[in-house]
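Presented below is the structure to which this report refers.
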C-alpha cells in the first residue's frame, strides 16, 4: 500500500475514466484548429504528451 488513507484515493478510477484517450484528445486538437498533431506515450502509457501547431 502506498498510503494508509485509502479513502483519499478512491476518486482515481473515476478520474482516469473521465479523461479522453490519447487518440480522442488528438482528434479534439485537430477539430479545434491544430495541425501537425501527435502524441508520445510515456511511463508505460500512463502519461501522454500531446503536441501540435496552431
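Residue numbers (our numbering): 2 to 55. Don't be surprised by glycine CBs; every beta carbon is placed ideally from N, CA and C. Quick caveat: nothing in here was measured; it's all calculated off a predicted structure.
Discussion item. Below 8 Å, how does it come out for the stretch 29-44 and the stretch 7-17: are there three or more Cβ pairs, yes or no?
Written reply: no
Item to complete: Sort 4, 14 and 5 by Cα distance to residue 47 and report the nearest one.
Response: The residue given as residue 47 occupies position 46 in the chain shown. Proximity to residue 47 across 4, 14 and 5 peaks at 14, based on C-alpha coordinates.
Item to complete: Give a yes or no on whether the minimum CB-CB distance between residue 4 and chain B is below 8 Å.
Response: Although the question refers to chain B, the structure presented lacks it and comprises just one protein chain.
Discussion item. Between which two residues does the beta strand (DSSP E) holding residue 8 run?
Written reply: As a first step, residue 8 must be located in the chain shown, where it is residue number 7. Where residue 8 is concerned, there is no enclosing beta strand (DSSP E), given that its DSSP letter is neither H nor E.
Worksheet entry | Cβ-based neighbour list, residue 17, same chain, cut-off 7 Å, excluding 5 preceding and 5 following | Residue numbering aside, residue 17 sits at position 16 when the chain shown is read from its first letter. Within the same chain, residue 17 has no close Cβ partners at all.
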